[in-house]
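K.L.:
Protein chains in written order, with the working numbering: chain R, 4 to 205; chain B, 4 to 205; chain L, 4 to 205; chain D, 4 to 205. Glycine is no exception: its CB is placed at the ideal position from the N, C-alpha and C atoms.
Protein chains: 4
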Amino acid sequence: MMPEPEAGKPLRADARRNRARVLEAAGAVFAARGVAASTEEVAREAGVGIGTVFRHFPTKEALLAAVLVDVLRALADQAEALATAPDAGGAFFGFFTRVVERSNTKNLYADVLAEAGVDVTAATAVIARRLRAALAVLLDRAQRAGEVRGDVRVPELLALMVGASRTAGYAANDPDVRVRALAILFDGLRAPGYPGAEGRSQ
Amino acid sequence: MMPEPEAGKPLRADARRNRARVLEAAGAVFAARGVAASTEEVAREAGVGIGTVFRHFPTKEALLAAVLVDVLRALADQAEALATAPDAGGAFFGFFTRVVERSNTKNLYADVLAEAGVDVTAATAVIARRLRAALAVLLDRAQRAGEVRGDVRVPELLALMVGASRTAGYAANDPDVRVRALAILFDGLRAPGYPGAEGRSQ
Amino acid sequence: MMPEPEAGKPLRADARRNRARVLEAAGAVFAARGVAASTEEVAREAGVGIGTVFRHFPTKEALLAAVLVDVLRALADQAEALATAPDAGGAFFGFFTRVVERSNTKNLYADVLAEAGVDVTAATAVIARRLRAALAVLLDRAQRAGEVRGDVRVPELLALMVGASRTAGYAANDPDVRVRALAILFDGLRAPGYPGAEGRSQ
Amino acid sequence: MMPEPEAGKPLRADARRNRARVLEAAGAVFAARGVAASTEEVAREAGVGIGTVFRHFPTKEALLAAVLVDVLRALADQAEALATAPDAGGAFFGFFTRVVERSNTKNLYADVLAEAGVDVTAATAVIARRLRAALAVLLDRAQRAGEVRGDVRVPELLALMVGASRTAGYAANDPDVRVRALAILFDGLRAPGYPGAEGRSQ
DNA sequence: GATGAATGAGCATTCATTCAT
DNA sequence: TATGAATGAATGCTCATTCAT
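1) Checking contacts by CB at 7 Å: is Ala82(R) closer than that to chain B?
2) Kindly indicate which three-state DSSP category Asp177(B) falls into: helix, strand or coil?
3) Val102(B) versus chain R: which residues are under 7 Å apart at the beta carbon?
4) How big is the Cα-Cα spacing for Ala128(D) and Arg76(D)?
5) Confirm, please, whether the CB-CB distance from Phe95(R) to Ala145(R) is below 7 Å.
6) How big is the Cα-Cα spacing for Ala167(R) and Gly97(R)?
7) Quick one: residues in its chain with C-beta nearer than 7 Å to the C-beta of Asp73(R), no 5 flanking neighbours on either side, listed in chain order?
8) Round the Cβ separation of Glu83(R) and Ala137(R) to the nearest angstrom and send it over; I've been treating them as touching at under 8 Å.
9) Residues of the segment 135–162 of chain R in Cβ contact with chain B at a cutoff of 9 Å, in chain order, please.
10) Is the beta carbon of Arg22(L) less than 7 Å from the beta carbon of His59(L)?
11) Whole angstroms are fine: how far does the CA of Leu192(D) sit from the CA of Leu188(L)?
12) With a threshold of 6 Å on Cβ separation, who are the neighbours of Val180(L) within its own chain once the five nearest residues in sequence on each side are excluded?
13) Classify Arg24(R): buried if its beta carbon has 16 or more other beta carbons within 10 angstroms, exposed otherwise.
14) Helix or strand or just coil, what does DSSP make of Asp90(R)?
15) Just to confirm, are Glu43(R) and Ala28(R) a CB contact at a threshold of 7 Å?
16) Could you tell me how far apart the beta carbons of Leu141(B) and Ala86(B) are, in whole angstroms, since I believe they sit closer than 8 Å?
17) In this structure, does DSSP put Ser106(R) in helix, strand or coil?
18) Expressed to the nearest angstrom, what Euclidean distance is found between the alpha-carbon atoms of Gly52(B) and Ala46(B)?
19) Looking only at its chain, what residues have a beta carbon closer than 6 Å to the beta carbon of Ala79(D), apart from the 5 residues adjacent to it on each side?
20) Sorted by chain position, which residues of the same chain lie with C-beta nearer than 8 Å to Lys63(D)'s C-beta, five sequence neighbours on each side aside?
21) At a CB-CB cut-off below 9 Å, which residues of chain D make contact with Val165(L)?
22) Given that a residue counts as buried once 16 or more other Cβ atoms are within 10 Å of its Cβ, and exposed if not, what is Arg152(R)?
23) Should Asp190(B) go down as buried or exposed, given a rule of 16 or more other Cβ atoms within 10 Å for buried?
24) Which one of Asp143(R), Leu71(R), Pro158(R) and Leu163(R) has the shortest CA to CA distance from Thr100(R)?
25) Using a beta-carbon distance below 7 Å, is Tyr197(L) in contact with chain D?
26) When the Cα atoms are used, what is the spatial distance from Asp17(R) to Val56(R)?
27) Look at the Cβ atom of Ala91(D), then the Cβ atom of Ala148(D), and state whether they are nearer than 7 Å.
28) Let me see if you follow: with CB-CB separation under 7 Å, is Leu71(L) close to chain D or not?
29) So Ile187(B) contacts chain R; which residues on that side make the cut at Cβ distance below 7 Å?
30) Run the CB neighbour count on Arg15(R), radius 10 Å, all protein chains shown included, and call it buried at 16 or more, exposed below.
31) Could you have a look at Phe96(D) and say whether DSSP puts it in helix, strand or coil?
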């Protein structure tokens, strides 16, 4: 659930525990205060010394990348879990909604997902690939079920998720607006295509 | 085209020129390097001393707000100019596209538009109101012309623009993906609503 | 009443007026806000541009020196005016009290008097000499009248005035303490000397 | 002799040493160059990085307050040590003299003692109280011994000490003047009161 | 002369990173 | 290994001083 960064040497039990605590604290702090939050604050939240943070993550950037990997992994896990759900459309839109909903007020998710595309490190590349693969499955099944138009591909789907997270963050304090905005986007994903909606599902 | 912020006392010619240069430089620097770029860098880009930047904008936040106002004003100008265009649908989607296209790699636009909703200062509030009003006109005309579904309101439109800018930024180096993602969103805006999409083309 | 700094070239009427306004403003501002107050603030208070301040006083230090000279001149004027007062003791202690009372909360007076001893510039030296001379007269008359012990000399008198100003500033918000502290010091000035106080009148 | 400010968690040995070095350097630098001296200079004098200064004293104001507390503590220590001296008068005037003598050229002491009355922070309040208490003992004993007039109270005594420090600073380069000025003040403290010197000691 | 915009050195403060304990 | 003190480059901002208008 929280393996060593690069499948490197096995950490001692307490070291592994500390690494996990730092990672969790970083996720919470960066989400709440933005990525400009200090490393010191992460250490405090994790209940460890600042030295420990830097022992596990040699730079702040590395820490951010690790948080990103963590987030992507959680998403990939969820996407994979939905791969065999009976309701393909529900699985697809449900996952999309979950991604968007978890993008919290400070838009870490959007930032973090945006970076994902850039493949900051090899580590992110690996997990991002896993996420894309899982997404491809969800998308394909929804398309075969006629719940999503056929011309959508994974790259634009990811781009739309990133943007929708931002949309949700923007409308954070007006849930109604948020719902309506998402509904419009989802209609676009369902629409048979415009103009000339010959559709592939009919 | 770049008047004093809030109709303060008229600046000397050289002062106005410098203010404009700083504002332009700030727009460029923050767009290129993000809002964390230093004020020094803005000064260097503008070719003025650091003191000059702070003379015109007493805090960095004020400078950011001024850039934001500038951006919003340009958008509002464009929206207003399109208010009487013969092709209401083209005006609406054209404006939307322009907004998105001008969101550059580092997503200043998104940040900046996001702030707009928060009405950081009185100055931003005023211009944001202007933008919303102009947007309302474009939207209404497109809806009357049957080019945009009738249940869309300005708030979600703004939220979608913010998100679409982010989407575009994410897909910055793949224009094809960008176009397809936007097409999907635009279809959602055109769709008569879902469920029950018997299609508007029949 | 406010002649040119160094008996230099005669200033134009408006220039002289501006110089006086700046000097007055500087006295007020430095007294109220301390000598760390900005030159800009002095200019604002005087209702002139910052350039005008620096035209008349080439550095901030020069401005402070000019304020000092102004203060010393006012004190010297008062001391000279008291030189022929019928009540020599009243004149002496009255003057001492006035000096102390005019030392306002921010202790500009103390600072300024302290500097006076250092003879910052030739100008201060000149006026400080005048003040010392006037003080010598007051002191001598009070001693001859038997109101002040005979072994007091001008240097220690000045030092005591500087200190008493500080004492008054310290006790600024407790007038009672201030009065009692001064009374003690005055008793010391009257006392025939200790030990061996065979009387001061011989 | 230089414990943590307010009984916080015990610092590591090296940290305590550095804190003391910074405090000492600050005392020296502020005394020599005035309180406007830069924190950089304090760091340089202490032989530590600027970050170290701010780690121990989060603001320059806090550093000044700490120097003040340090000074007050030293004074209080001395006053307490003199509380049982056989010669009550000698103890009183000796302490007064020491206070004045240690007020160095730039009058940090005066500034610092002046602040003491204002009770800048809780820390200063505590130590200032201690000093006042110790002073009260010295004063009372000297009064009982007939060495100091009976109507002197601690508040005016403090005020006079502050002023006398300034007097001494003013006369710094003329020890003779300094001695004579102090002698006059001390006579005032001994005098049975004026006018109407029925005295309480006769 | 008067004005105030421009300048840039200087300051307090923060924070990622290193290293002695 | 964990800790947290030390470091110093970098940042936002101020202000005395200069100079073009």
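P.N.:
Straight from the coordinates:
1) Using a CB distance cut-off of 7 Å, Ala82(R) does not count as an interface residue toward chain B.
2) Three-state result, Asp177(B): coil.
3) Under a criterion of Cβ atoms nearer than 7 Å, no residue of chain R is adjacent to Val102(B); the nearest Cβ is some 13 Å distant.
4) Taking the straight line from one Cα to the other gives about 11 Å.
5) Closer than 7 Å, so yes.
6) Here the alpha carbon of Ala167(R) sits roughly 14 Å from the alpha carbon of Gly97(R).
7) Closer than 7 Å at the Cβ level, and outside the excluded window around Asp73(R), lie Leu26 and Gly30.
8) Indeed, because the Cβ distance is near 5 Å, the residues count as touching under 8 Å.
9) The segment 135–162 of chain R vs chain B, Cβ under 9 Å: Arg152, Asp154, Val155, Arg156, Pro158, Glu159, Leu160, Leu161 and Ala162.
10) When the beta-carbon positions are compared, Arg22(L) and His59(L) come within less than 7 Å of each other.
11) The C-alpha of Leu188(L) lies about 8 Å from the C-alpha of Leu192(D).
12) Excluding positions up to five away in sequence, the list reads Ala174.
13) Its Cβ being crowded by 16 or more others within 10 Å, Arg24(R) is buried.
14) It is coil, neither helix nor strand.
15) Their beta carbons are not under 7 Å apart, which means Glu43(R) does not touch Ala28(R) by this criterion.
16) Confirmed, about 7 Å.
17) Of the three classes helix, strand and coil, the one that applies to Ser106(R) here is coil, per DSSP.
18) Those two C-alpha atoms are separated by around 6 Å.
19) Cβ within range, chain order: Arg133, Leu134 and Ala137.
20) Close CB contacts of Lys63(D) within its chain, under the 8 Å cut and outside five residues either way in sequence, are with Thr42 (chain order).
21) The answer, in chain order, is Gly166, Arg169, Thr170, Gly172, Tyr173 and Ala174.
22) Here Arg152(R) is buried, its C-beta having at least 16 other C-beta atoms within 10 Å.
23) Classification of Asp190(B): buried, given that the 10 Å Cβ count is 16 or more.
24) Residue Leu163(R) holds the alpha-carbon nearest to the alpha-carbon of Thr100(R) among Asp143(R), Leu71(R), Pro158(R) and Leu163(R).
25) Caution applies to Tyr197(L), whose pLDDT of 44 falls short of 50 and renders its modelled position unreliable; the value that the coordinates give is listed next. True, the Cβ-Cβ gap to chain D drops below 7 Å.
26) One C-alpha to the other measures close to 14 Å.
27) A contact, by the Cβ cut-off of 7 Å.
28) Under the 7 Å criterion on CB atoms, Leu71(L) is classed as non-interfacial with respect to chain D.
29) Residues of chain R with a Cβ closer than 7 Å to the Cβ of Ile187(B) are, in chain order, Val155, Glu159, Leu163, Gly191 and Leu192.
30) With fewer than 16 Cβ atoms within 10 Å of its Cβ, Arg15(R) is classed as exposed.
31) When secondary structure is reduced to three states using DSSP, Phe96(D) falls in the helix class.
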